[in-house]
Structure formats: structure tokens, C-alpha cells
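For the sequence shown, the numbering used here gives the first residue as 38, with consecutive numbering after it.
Each remark here refers to the structure printed beneath this line.
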Amino acid sequence: SFADYRTLAKPLGERIFFAGEATHATYPGTVHGAYLSGERAANEIVGLQTENMGADEAKEDNR
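This is the structure in C-alpha cells:
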């Protein structure tokens, strides 16, 4: 089910991110699904890093 793919794609904390054809519900078992899931995981990492950078800048401003 779609929920299973979401479960497989769910990161562990903020350190381990999963990608691959087995984590894409629309295109499982395909190169396209692997590619799209890689993009998704990369975007999650970039988003997390961007959030953390903003938090670090806020800490600097409060000093």
C-alpha cells in the first residue's frame, strides 16, 4: 500500500535518509522511481540544513 512506501521512505531522526525504487509508491521497481525518490531525499536533507542554518543565524543574532 501507499502507506508502506511512506514508511520505507521515512528518515530516522535527522541523520539517516532513505531513497530508492522501493520507497516510491507511484513508480516502484523502476529507475524512474529510484531517481524521484533520490530527489525527494535530497530535498529533505537540503530543507533540514536550511532550517538548521536559520536556527544558527537566529542564535547568532541573539548574542
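We put the beta carbon where it would ideally sit given N, CA and C, even for glycine.
Secondary structure note for residue 39: its alpha helix (DSSP H) is the uninterrupted segment 39–46. Residue nearest to residue 61 within the set 84, 85, 90 and 44 is 44 (criterion: CA-CA distance).
For residue 72, the closest alpha carbon among the candidates 42, 58, 90 and 85 is that of 58. Remark: C-beta atoms of residue 55 and residue 79 do not approach each other more closely than 8 Å.
Residue pairing by DSSP leaves residue 73 without any beta bridge partner.
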